[in-house]
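S.K.: Quick one: the structure is below, questions incoming.
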Amino acid sequence: MSAPQLARVSILGVGKMGAAAARRLAGLGYEVCVWNRSSDKARALASDRITVAETARDAVEAADLCIALLSTTDAVRQVVEECRGPSTLVLANLASGSPDDGRAVAAAVAEALPNATYVDGAYCGPPSALEQGTGQLFVSCAGGEKALDARAGAALRALGVTSFCAGVGAARALDYAVVDMAFVTLMSYASNAAMLEREGVDASVAVAAISHRLAAAPAALEAAAARMADRSDGAYESNPTATLATWRNFFDSRRPYLDKIGASRVLPDFCIDVLDRAGASGAHGGADVTRVQEVLRYNDG
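Residue numbers for the sequence shown follow numbering that gives the first Met the number 0, so the first one is 0 and each next one is one higher.
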């Protein structure tokens, strides 16, 4: 039995991310066509498996799957308009932006390329991870994964660990949530770096301890999601894992020490503010910490 035919792939925009995607796919045996408004960047990628398109329309017409890695939503919409026509390709928009930005491009594609399948998405990771296929790709389309051409889906999966969501905009929301989690972890470490250094805690020891704690995060988040879905005071107050008051005391206890060593209090001060708005110092002090969603999600605090 012969191997399945690979999709013809075009990359629109070959900045660092686009160039990494082109090299990744070419290295896996895909025939890749690249286009960039600054043509020098595109020509620098030319090889036996990477060709250069003179125009965006040429790139679209040469592809089964076209991946837009342009810098802005407006740039993607402009290119879509320039490529107006009957193409039946899959267009995957991985330009950074919000769920509404994804829907704006979806509308532009529906109007200018009515026969195309629009895939909305976001890539989580640096160019080096994209080139090695080790980052995370979040994608969504109107009909879900089943609506996507198998060859196009395989090419997208080759870019990294891929999560499919149903509905345009969903992938971008997921990307925001995952990136925020990573950034908050970084902020937490940075906020405590001066204390760790002063007390002689080696970075490798700290990272190992943090990693062990983060390994329990998925189960903890699933449990929190169930409590948060109820949203009633009864749910918040039933068998709390850790109360608002407990968390407040935890953050408050470090403030005198941070003042003493001249370190920033910005993170504990922020956390205490959120906890207090959620009721840590009042009637809801005994509620589970998930009650912070009343501030962070509903802004009722």
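Virtual Cβ for every residue (Gly too), placed ideally from N, Cα, C.
Thinking C-alpha only, which one of GLY120, GLY124 and GLY84 is nearest ASN114?
M.R.: Translated into positions along the sequence shown, residue 114 becomes position 115. The residue with the shortest Cα to Cα distance from ASN114 is GLY84.
S.K.: With a 10 Å radius around its C-beta and 16 neighbouring C-beta atoms as the bar for buried, classify ASN238 as buried or exposed.
M.R.: As a first step, residue 238 must be located in the sequence shown, where it is residue number 239. Its Cβ having fewer than 16 others within 10 Å, ASN238 is exposed.
S.K.: Please classify LEU90: is it buried, with 16 or more other beta-carbons within 10 angstroms of its beta-carbon, or exposed?
M.R.: Position 91 of the sequence shown holds residue 90. Looking at its Cβ environment, which holds 16 or more other Cβ atoms inside 10 Å, LEU90 is buried.
S.K.: In terms of DSSP beta bridges, what is LEU155 paired with?
M.R.: Start at 1 with the first residue of the sequence shown, and residue 155 comes out as number 156. BP columns for LEU155 are empty, so no partner.
S.K.: Look at GLY124 and GLY159 and say whether their C-beta atoms are less than 8 Å apart.
M.R.: The residue labelled residue 124 in the question sits at position 125 within the sequence shown. The residue labelled residue 159 in the question sits at position 160 within the sequence shown. Yes, these two residues count as a Cβ contact at 8 Å.
S.K.: Report the residue from GLU60, LEU155 and ALA262 whose alpha carbon sits nearest the alpha carbon of GLN135.
M.R.: In the sequence shown, residue 135 corresponds to position 136, counting from 1. When each option's Cα is compared against that of GLN135, the closest is LEU155.
S.K.: Using a Cβ-Cβ cut-off of 6 Å (strictly less than) and excluding sequence neighbours within five positions of ALA205, which residues of its own chain qualify?
M.R.: To locate residue 205, count along the sequence shown from 1; it is residue 206. Answer for ALA205: LEU195, listed in chain order.
S.K.: Once DSSP output is grouped into helix, strand and coil, what is the label at ASN92?
M.R.: Within the sequence shown, residue 92 is the residue found at index 93, counting from 1. Three-state result, ASN92: strand.
S.K.: Determine whether the beta carbon atoms of ALA146 and THR116 lie at a separation below 8 Å.
M.R.: Here residue 146 refers to the residue found at position 147 of the sequence shown. Here residue 116 refers to the residue found at position 117 of the sequence shown. Yes. Within cutoff.
S.K.: How many Å lie between MET180 and ALA111 at the Cα?
M.R.: Taking the sequence shown and counting its residues from 1, one reaches residue 180 at position 181. Taking the sequence shown and counting its residues from 1, one reaches residue 111 at position 112. Roughly 37 Å between the two C-alpha positions.
S.K.: For the beta strand (DSSP E) containing LEU64, name the first residue and the last one.
M.R.: By one-based count along the sequence shown, residue 64 stands at place 65. For LEU64, the enclosing beta strand (DSSP E) begins and ends at 64-67.
S.K.: Assuming LEU266 contacts SER210 under a Cβ cut-off of 8 Å, what Cβ separation, rounded to an integer in Å, is found between them?
M.R.: Translated into positions along the sequence shown, residue 266 becomes position 267. Translated into positions along the sequence shown, residue 210 becomes position 211. LEU266 to SER210, Cβ: 20 Å. No contact.
S.K.: Per DSSP, what are the beta-bridge partners of ILE49 in this structure?
M.R.: As a first step, residue 49 must be located in the sequence shown, where it is residue number 50. According to DSSP, which records beta bridges pairwise, ILE49 is partnered with VAL31.
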